[in-house]
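Quick mapping for you: the protein sequence lines, in order, are chains A and B. Heads up: the first sequence is residues 1 to 336, going by this note's numbering. Heads up: the second sequence is residues 1001 to 1336, going by this note's numbering. Notes follow the structure.
Protein chains: 2
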Amino acid sequence: MQKIINNPKDFVDEMLEGILAAYPDQLKCIKNDLRCIVRSDEKKPGKVGLSTGGGSGHLPLFLGYVGKGMLDCCAVGNIFASPSANQMLEITREINRGNGVLYIYGNYSGDIINFDMAAEMAKMEDIKVEQVIATDDVASAPKEKQNKRRGVAGLFYIYKIAGAYAEEVASLDEVKRVAEKVCTNVRTMGVGLSPCIIPEVGKPTFEMKEGEMEIGIGIHGEAGMGKDKLKTADEIVDQIMNSILNDLPYKSGDEVSVLINGLGATPREELFVVYRKVAKILKEKDIKVFHPYIGEFAASMEMAGTSITLLRLDKELKELLKKPARTPFFEQAELK
Amino acid sequence: MQKIINNPKDFVDEMLEGILAAYPDQLKCIKNDLRCIVRSDEKKPGKVGLSTGGGSGHLPLFLGYVGKGMLDCCAVGNIFASPSANQMLEITREINRGNGVLYIYGNYSGDIINFDMAAEMAKMEDIKVEQVIATDDVASAPKEKQNKRRGVAGLFYIYKIAGAYAEEVASLDEVKRVAEKVCTNVRTMGVGLSPCIIPEVGKPTFEMKEGEMEIGIGIHGEAGMGKDKLKTADEIVDQIMNSILNDLPYKSGDEVSVLINGLGATPREELFVVYRKVAKILKEKDIKVFHPYIGEFAASMEMAGTSITLLRLDKELKELLKKPARTPFFEQAELK
């Protein structure tokens, strides 16, 4: 495997050591556990704490969004594996300022089991905990089974918008309400063109031949709509956008933010070829784009591919999306 | 080739259409030529214009640094090919506010020929033009032939620092002086683990077997120190840092900014494993790190690999590095 690593067993911890060495003013670990990461800047009194967690290998997801205007902490798992309930509990204690903690994470069974357990333990310590689970991947289950869908790049919008609201010292119920509103209005679908390799496994997680692609792939390489011949960028975007637009559905007159996410090995140039077609389709449908985000936001290590996310905006979501944010992996001045 | 593209011939233009569709408030093309990109925000009276240009395939380099606090314009070539002198001249005219224009670009013969020609033509129109050429890649020629070295990720620091100074309406000579000071104090070396494919060519630019690497590789896949067995991250960093540190040389008591650049397919996680070791080495040498930049800053499409850049700071460079910047690809609030 063509990776710049030391012992595969140490990969996640060494990555975390690198992150903590790079951003000591923004992040720290607690309890001498590298997997328990919290903001190192000052705590705002009364602020609802926002917590996330998940497997490694997706940077900037999940840890990369801990910072001002977004999240307060993150429990970090091994590559593509959930962190433990105890780690989640430790960071919950650390960030609680008395007004409760909101867990925001993706719909994966390992994460759900552990976050549920952490929430139970936190409640026994009189910490109020609520949960919001992202299910934005339209390819992963039909609409009538929406609660079975995976959470993918749409998490970015939940973090951004709930994070902005929490900075305003909104209540736990209120922050949960806007986070759920984002979930209701966000949809994602991806395409994979190559597999990735988990360092400790040492071989690709699945096979993908030259000239093939998989539309609807998950960020761990989960199956989507099945393998197909690699099509042109415009054909791929047409197919993905068709699924996304019809799912909510997004309608003429809507305003959306668009996220074009690179899964790892896909150059930025290709993401703009994708955005070009997305913008054309939205214009034809009379759907207005407020602010596109184009880059790597939720990766699958070195997988080639992209995902497209649409978030339907209303006045409240738009105002919160505009707010500034600053994490080691994402920086945004206030938008106009 | 596993790429999300349409007709390879249209790749660069479609990428540019996507960029202009995404950021109309920040970028526009002039003369109906997609390859002539200038800032679309207001022009500051008397500001020295900063211009760059180069081949496509390196995003965020070059175009991605056009914006507030950095560059004013960019001439865009085909993949790995220089833009034309006429395109450079058009954007020079457009951004000139009477106090001259500084060309900042990498040391490649095609770019030099065309920028020289554009400068000559601009002078005939009474536009003052100066040039600063990046030669930061220590692997590409020995120190005594420094003017033969390639320009790579170090360009980021020249843009950032010269751009911050130009925003303060410094004179052309003054902006050129700090840009040259950055050149004098910046060094880079990279490692490649896989080739990349130019869409119109359709096959890899060079061969790299599983288990091989090339230290000193250029951002177009140019040869470095020759192929070697793929080593561990720590060994690779040791070798690169040894070459960089000895070249200037960087010394105990120095303060540096560090840039860990992903060449395309290398996950962010691996860049932090690299930074971990870089930080250790600098600490051992008693060299202080002011502000690390870790991500993709100068890519080679989907090449796997990384480069390490050190910039030795003095008070002036540090103050300018701290200034805010905002381009579609790089955003920084004022640093403390």
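We put the beta carbon where it would ideally sit given N, CA and C, even for glycine.
query: If we cut at 8 Å on Cβ distances, does A:Val274 have a partner in chain B?
result: yes
message: Just to make sure I have the definition right: I need the residues of chain A whose C-beta is within less than 8 Å of the C-beta of B:Phe1011. Which are they?
response: Glu269, Val273
message: Quick check on B:Arg1326 - is its C-beta less than 8 Å from some C-beta in chain A?
response: yes
query: Can the beta-carbon of B:Lys1231 be found closer than 8 Å to that of B:Gly1069?
result: no
message: For B:Met1189 and B:Asp1033, what's the separation of their Cα atoms in angstroms?
response: 35 Å
- prompt: Taking A:Glu319 as the reference, which of A:Asp228, A:Gly224, A:Lys336 has the closest Cα?
  reply: A:Lys336
Interface residues of chain B facing A:Ala21 [CB-CB closer than 7 Å]: Tyr1275, Arg1276, Ala1279
message: Between the alpha carbons of A:Asp137 and A:Glu222, how many angstroms are there, rounded?
response: 11 Å
When A:Lys229, A:Tyr65, A:Ile240, A:Arg326 are compared against A:Thr309, the one with the closest alpha-carbon: A:Ile240
- prompt: From A:Ala118, A:Met121, A:Leu245, A:Arg312, pick the residue whose C-alpha is nearest to that of A:Ser257; which is it?
  reply: A:Arg312
query: Name the chain B residues that come within less than 9 Å of A:Gly100, Cβ to Cβ?
result: Those do not exist, as A:Gly100 stays about 29 Å from chain B at its closest Cβ, beyond 9 Å.
query: Can we say the region 104 to 117 of chain A touches the region 127 to 136 of chain A, given the rule of at least three CB pairs closer than 8 Å?
result: yes
task: Pull up the distance between the alpha-carbon of A:Ile215 and that of B:Gly1067, whole angstroms please.
output: 35 Å
Cutoff 8 Å; reference B:Thr1266; Cβ partners in own chain excluding five residues on either side: Leu1193, Ala1304, Gly1305, Thr1306
query: So, helix, strand or coil for B:Pro1204, using DSSP?
result: strand
task: Below 7 Å CB to CB, which residues in the same chain sit around A:Lys160 once its five sequence neighbours on both sides are set aside?
output: Met70, Leu321, Ala325
- prompt: Skipping 5 residues on each side, what residues in its chain have a beta carbon closer than 6 Å to that of B:Ile1005?
  reply: Phe1011, Pro1199
message: Which residues in chain B have a C-beta closer than 9 Å to the C-beta of A:Lys323? List them in chain order.
response: Ordered by position in chain B, no residue passes the 9 Å Cβ test against A:Lys323, which lies about 13 Å from the chain.
- prompt: Is the number of C-beta pairs between the region 1074 to 1091 of chain B and the region 1033 to 1050 of chain B that are closer than 8 Å three or more?
  reply: yes
With 16 other Cβ atoms within 10 Å as the buried cut-off, status of A:Gly98: exposed
task: Compute the beta-carbon to beta-carbon distance between A:Ala122 and A:Gln131, rounded to the nearest angstrom, for a pair I have assumed lies under 8 Å.
output: That belief does not hold up - the Cβ atoms of A:Ala122 and A:Gln131 are roughly 11 Å apart, past 8 Å.
- prompt: Should A:Ser252 go down as buried or exposed, given a rule of 16 or more other Cβ atoms within 10 Å for buried?
  reply: exposed
field: Residue burial classification, B:Glu1270 (beta-carbon count within 10 angstroms, cutoff 16)
entry: buried
message: Give me the DSSP bridge partner(s) of A:Val132.
response: A:Ile104
message: So the candidates are A:Asn246, A:Glu296, A:Gln26, A:Lys315; which of them puts its Cα closest to the Cα of A:Lys285?
response: A:Asn246
message: Taking the alpha-carbon of B:Arg1187 as reference, which of B:Phe1206, B:Ala1075, B:Glu1212, B:Arg1149 has the nearest alpha-carbon?
response: B:Arg1149
message: Distance check for A:Asn261 and A:Gly77, CA to CA, integer angstroms please.
response: 22 Å
message: Can you check whether the C-beta of A:Glu14 is within less than 8 Å of a C-beta belonging to chain B?
response: yes
task: Within 10 angstroms of the Cβ of A:Lys176, are there 16 or more other Cβ atoms? Answer buried if so, exposed if not.
output: buried
query: Near A:Tyr23, which residues of its chain fall below 6 Å by C-beta distance, leaving aside the five closest residues on each side in sequence?
result: Pro328
- prompt: Using a C-beta to C-beta distance shorter than 8 Å, which residues of chain B count as neighbours of A:Pro60?
  reply: Arg1268
A:Leu102 to A:Ser82 span [Cα, whole Å]: 18 Å
query: Comparing the C-beta of A:Ile5 with each C-beta of chain B, is any distance below 8 Å?
result: yes
task: Going by CA-CA distance only, name the one from B:Tyr1293, B:Cys1073, B:Gly1163, B:Ala1233 that's closest to B:Lys1054.
output: In the sequence under discussion, the amino acid at residue 1054 of chain B is Gly, which differs from the Lys named in the question. The shortest C-alpha separation from B:Gly1054 is found at B:Cys1073.
task: Following the continuous alpha helix (DSSP H) through A:Cys183, name the residue where it begins and the one where it ends.
output: 172 to 185
field: chain B residues whose Cβ lies nearer than 7 Å to that of A:Gln332
entry: Glu1331
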